[in-house]
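Chains as they are written, first to last, in this note's numbering: chain A, 1 to 988; chain B, 1001 to 1205.
Here's the structure we're looking at; comments come further down.
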Amino acid sequence: MNGAERVKVLLQDALEQPRGQRDRFLEAACAGDPVLRARLEALIRSHETADEFLGGATGGVGLLRIAGVRPPDARVERRDDGTPVRIGRYRILRQIGAGGFGTVHLAEQDTPVRRRVALKLLHRGVDSRDVVQRFEIERQALALMDHPGIATVLDAGMAEDGRPFVVLEYVDGRPITTFCDEERLDVRRRLQLFEQVCLAVQHAHQKGVIHRDIKPSNVLVTIVDGEPRPKVIDFGIAKAIHGPLSGAAAVTISGQIIGTPQAMPPEQVDGDVDTRADVYGLGVILYELLAGVLPFDPERLGGAPLAELLRIIASEEPPTPAQRLEAMGSSGDAIAAARCTDRARLRRALAGDLSWIVMRAIAKDRARRYPTAYALSADIRRALHHEPVEAGPPTGMYRLMRFARRHQGLLTAAAVAALALVAGLIVALAMLVEARQQERVALASAMEADGVTTFLADLLASADPRAAGRSVPLLEVLEAAAPEIDRRFPGSPAAAARLHETVGRAFLGLGRLDEARDHLVRARAIADASLAADHPIVPAILLSLAQVYRERGELDLALEILERFDAITPPPATPAGTTTVDGGKDAAPDAGTHVLPAARQRDARAIRASVLRQDGRFAEAEAIARALLADRIATTGERSLPTAHMRSFLGGVLLDRGEIDAAAAAYAQVHEIRREALGESHPDTIAALRNLAEVRLRQRRIEDALALAGAALAAAGPQLGDDHPETMAARNALAAAMLSSQRMPEAAALFRENLASQRRVLGPEHRDTMVTMNNLSILSEMLGDAGTEWTLKQELLRMRERVLGPDHHDTMLSSLLVARMLIPKGDFEDALPLIRRAAAFFRRSVAPDDPRRVDALGLLARCCRGLDLETEAQEAMAARIEGLREVVARSDASPRARRTLATDLLDAEPALLRDPTEAARLLAALAAESPGDATLLERLAEARRRCGDLDGARTAADAARAAAPDDAALHARLEALSVDDGADGDPR
Amino acid sequence: MSDPGPDVDAARVQVTQLLRAAPDDHAARARLLEEVYGILRTIAQQRMREERAGHTLQATALVHEAFIRLVGDDDRGWESRAHFFRSCAQAMRRILIDHARRRGADKRGGGARPVGLECADLGVEHDPLELLALDDAMTTLEAEDPRAAEVVSLRFFSGLSVEETAEILGISPRTVIREWIFARARLHELLAGAAGSGSGGSGRS
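So this is what it looks like as structure tokens:
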């Protein structure tokens, strides 16, 4: 401890001594150090004279003191039977309630004003002083709340018998649910009342106060001027009574639950509470207001052992209010009657919007809840006005997904689980060795190391697949063990951070992204708070966290973490990859943890490239991928598996950029290398085969694509299972190939199969699920099923906007597709914003001849013309033609690009963009390459005629007739073309 | 609450970006301070217009509201919060000192103090001259003991509770109280030294 710290500690200790004993304390503490003693005495003097300076020594701080100072301990007068008649300046009138915390009394205050108040007298506990002190700290925030819907907290103090008390505005009302039932309010009036409650809670949140225990009995309704007025009581009391730690963590050390299980959000079990916990509480109230019962059967919760109770809170999805009512049968009649309606009508009223709103408010994952009480009230208002609500799509799907995901984790990922966990444990053990070396000097080192060892040993012992006979329990063990970390290692941040990192990564391996994120975030927080900035675990935590965020699609966060990684990790002294961990020179136990900086930075760059690619930033992704590939070739050779892996990634990026042939070459090479090294049936080989199938399809080599995708699916299904990601990918590739070869029913079957699989395994809003929806929508388009097409595309656009944000490639693609439906219908107004942003996006992100860009610009031009935006229309068309020209000027231009350009040069609007001479040249070359293409020849005839080459036009027309002797329509068109031979039909 | 309005939206984007800046990006730090300073003043002015007359504003209210409006649900975790509240403390200090300078000047000039919107009445019950002296003493303390000064800054200027301060600084509440007791005694000592006398406290009850 340095000098300054010592002064502070002694100052605090001295001030805590009774005044009479301070001298003796200082004498003992400063023995032989007169300078120290003089310093302390000066500071104590200063403290004594400081009085209310800066708001006092411990109490209310800040710029404005709350009126009134803490009174001395309040005198208590009792009746003979021990019941209090007076506590300080409060005269107790009668007891009006009791709970686990103590008793509530109606009391009367004499000074400074005469009023009735509610006085909560808490049980005496070891931390009575703390309660009062916490209250002193909280009261400033509480005093800021000034809202008719919130009962004011007036005072707090300590009775002389050591029991803390809190004084609140007295509200003579009934709990909101009781009130609504007794007054027989219909659903509409219940919602109006509830909306007021939301707004009151929102007010408190804006003042930085969280309630933490919102439930019907804390929302009292009184009648003021004939109108019902709700008032939320006990704001901030939970925190003041229980303190930040125990008040947040719902389970005390003795295993008691704090708060009301019915109204408790799952995160409260972990002690991590924010304003969304109150949104949950509001949702529970709304549930009861609508359905007449609580989301969970109170008898079931009441009778359940603690562990079961926590499990229900954390993972069981309650039925929707409508389902609940349905299940009640005739016992729901009374509930409907209290809402002035009958059961069938009530059920209809609750189904849909209202059920969605409730289920969103009480979502297990708080990220899915309404972000604020205000957002909840806004949706209520929308429902009242029959406007579309924000909640939904139907949460039943979400529940199904949650269920599937839970069980999928247990079933198909068992092998992955074993692998990830064992790897994680080895790393943790290795870190332990390292920890021993580094922290030998630290006081708690030995204890900590032993603790970690024991912890891991316990974990391993119970997770041993041989002992359990199956590997599924690994996940269960992990789930059971995870919450133990903070309990077992409260004073050992290094150990706790390591374990959280290990467990987080194991969850990541299982695809359990929520849990993975929670543990890694926790690991990072611990490391930030308690470990040195260059502690070796920090980069590992950051990389794992970046991966979790990437897999969750939270790309900004992933990039942010990677930037943080770059900031703390200095570039390696040696060129990347000159030494690698697989060198094996010293296979010390810490080899796993001491991943060399070069390798770790390579990982970071690879993750960054994936993130950028997922974010649609293909050019940046490609640059990184190429650099990494060069690095892999230099260090591991041209045909190594690591090189193949990198090349495969690059292939994906190239495909995204529209560089299809280059991508095809890359995939072909990858497949060849893997087949040689790993064999035909290895999952990586199957993946390469499937990639190749996909790219062949993009190259329009459809028969090849069909064969390759069929082979991939045939290998994947039996090998990996029906719901395995690779199986789904293979199915998808085959479906796409079927689609292209017009085998519609087969394609549709495969897509539907996949969509079901994906909704089961990944959830309805997963990126891949959305891709399948996209494909199904295209299929519906091709099948002429306009209804399905319309629904799917619109739904997809909404989902992508919400999940991926407006700047994402897939959202833009959806915008393009929706615009493509709207524009032919003449719905230009609605289409314009969509097609504008899609065109802008594809203009800057893909190759000039990419169909997405070409299509978007063409549609934009058409849409703008429809709205008389001539300048913008011309600009879009000019950009499209210019881009195509640029590509066609290159020797390797694709026939498609040339053909599109030729057509544009013939048909473009406005006409000044046309160039029939150039079009004729392009078409002639194309016709020479694919003789017998009647359409091409027809266009060539048209082009030649327009630039006055009548002989040439006739030749081309004859060739077209010869190519399609039976196409009457073509013949008629050619006839029309030649009727005015000799006249100048060209508008130019 | 009414909608934040376009200026706040823009500021929000800006702040979110700035909160992501690396800790040693001093330019970003400075810009963040500017943003926070601006929004605190905006909120203070709006509140003074909207709230009933005589209502005073407090640092805690301003800072929490600024946080909700600028950072809000965009929960970027502990680091960003710490970062934000530190900037708030600095901004509040600047607002107060600017305010005190003006008020001090008013006092010297005689005239009645206008209850204008300019920085409004932030509920400051402190003598402006005392605040200016406090600012000087804080500067001294910052040099002597940065952590103690930080605790004062967060608690006094940002209005954070002991627990919030503890969370932001990653230390225990007891340590916060220890730092606070020391810092308060030290600041008082510095002020007493500067003024040549104590502030006339009559001892504690």
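Cβ coordinates follow ideal geometry from the N, Cα and C atoms, glycine included.
Just so we're clear, the structure is a prediction, and the values are computed from it rather than from any experiment.
Asked	Found
Sort A:Pro965, A:Gln268, A:Ala351 by Cα distance to Asp365 (chain A) and report the nearest one.	A:Gln268
Curious, which full-length alpha helix (DSSP H) runs of at least 4 residues does the stretch 884-956 of chain A contain?	895-907, 916-929, 934-946
Pull up the distance between the alpha-carbon of Thr1005 (chain A) and that of Glu638 (chain A), whole angstroms please.	The shown model of chain A, from 1 to 988, leaves out residue 1005 (chain A), and the question about it has no answer.
Tell me the DSSP secondary structure of Phe296 (chain A) in three-state form.	coil
Whether or not the stretch 219-237 of chain A and the stretch 159-171 of chain A are in contact is what I'm after, with contact meaning three or more pairs of Cβ atoms, one per stretch, closer than 8 angstroms; do they touch?	yes
Would you please verify whether the beta carbon of Glu1189 (chain B) is less than 7 angstroms from any beta carbon of chain A?	yes
With burial defined as no fewer than 16 other Cβ atoms inside 10 Å of the residue's Cβ, what is the status of Met744 (chain A): buried or exposed?	exposed
Measuring only the C-alpha atoms, how far is Ile537 (chain A) from Arg498 (chain A)?	7 angstroms
When you compare each of A:Pro965, A:Ala962, A:Leu940, A:Ala964 to Ala953 (chain A) by their alpha carbons, which one comes out closest?	A:Leu940
What are the uninterrupted segments assigned as beta strand (DSSP E) that are 3 or more residues long and contained completely in the stretch 196-225 of chain A, given in chain order?	219-224
Going by DSSP, what residues sit across from Phe165 (chain A) in a beta bridge?	A:Leu121, A:Gly157
Check this for me: beta carbons of Ala963 (chain A) and Ala934 (chain A), under 7 angstroms apart or not?	yes
Express the C-alpha separation of Ala847 (chain A) and Tyr374 (chain A) in angstroms, rounding to a whole number.	45 angstroms
How about Ala494 (chain A): is its C-beta nearer than 7 angstroms to some C-beta of chain B?	no
Using beta-carbon positions only, say whether Val1162 (chain B) and Ala1183 (chain B) come within less than 7 angstroms of one another.	no
Pick out whichever of A:Pro895, A:Met359, A:Asp333, A:Ala960 has its Cα sitting closest to the Cα of Leu347 (chain A).	Correcting the residue type first, residue 347 (chain A) is Arg in the shown sequence and not Leu. Cα-wise, what sits closest to Arg347 (chain A) is A:Asp333.
Looking at Leu816 (chain A): is its Cβ nearer than 7 angstroms to the Cβ of Asp849 (chain A)?	no
Do you know whose CA, among A:Val888, A:Ala705, A:Leu859, lies nearest Gln874 (chain A)'s CA?	A:Leu859
Go through the stretch 739-784 of chain A residue by residue and report every complete run of the alpha helix (DSSP H) that reaches 4 residues or more, in order.	744-761, 767-782
Does Leu1160 (chain B) come out as helix, strand or coil in the three-state DSSP assignment?	coil
Could you spell out where the beta strand (DSSP E) holding Val232 (chain A) opens and where it closes?	227-232
Measure from the C-beta of Leu43 (chain A) to each C-beta in chain B and report whether the shortest distance is under 7 angstroms.	yes
Could you work out which residue in A:Ala204, A:Asp186, A:Ile210 is closest to Ala349 (chain A) when comparing CA atoms only?	A:Asp186
Out of A:Pro164, A:Glu195, A:Ile176, state which residue places its alpha-carbon closest to the alpha-carbon of Thr222 (chain A).	A:Ile176
Using a Cβ cut-off of 7 angstroms, which residues of the stretch 1170-1185 of chain B contact any Cβ in chain A, in chain order?	Gly1170, Ile1177, Arg1178, Glu1179, Ile1181, Phe1182, Arg1184, Ala1185
What is the DSSP secondary structure of Ile92 (chain A), reduced to helix, strand or coil?	strand
Exposed or buried, Glu77 (chain A), counting other C-beta atoms within 10 Å across all chains shown (16 or more means buried)?	exposed
Since Ala1089 (chain B) meets chain A, which of its residues come closer than 9 angstroms, beta carbon to beta carbon?	What Ala1089 (chain B) touches in chain A: nothing, since even the nearest Cβ is about 11 angstroms away.
If you measure from the beta carbon of Phe53 (chain A) to each beta carbon in chain B, is any gap under 7 angstroms?	yes
I'd like to check one pair, Ala666 (chain A) with Arg696 (chain A): are the Cβ atoms closer than 7 angstroms?	no
When you compare the CB of His47 (chain A) with every CB in chain B, is at least one pair closer than 7 angstroms?	yes
What first and last residue would you give for the beta strand (DSSP E) that runs through Leu106 (chain A)?	102-109
Give the list of continuous beta strand (DSSP E) stretches no shorter than 3 residues that lie fully inside the stretch 786-838 of chain A.	none
For the alpha helix (DSSP H) holding Ile44 (chain A), just list the boundary residues, first then last.	34-50
Any contact of the stretch 151-164 of chain A with the stretch 307-325 of chain A, i.e. 3+ C-beta pairs under 8 angstroms?	no
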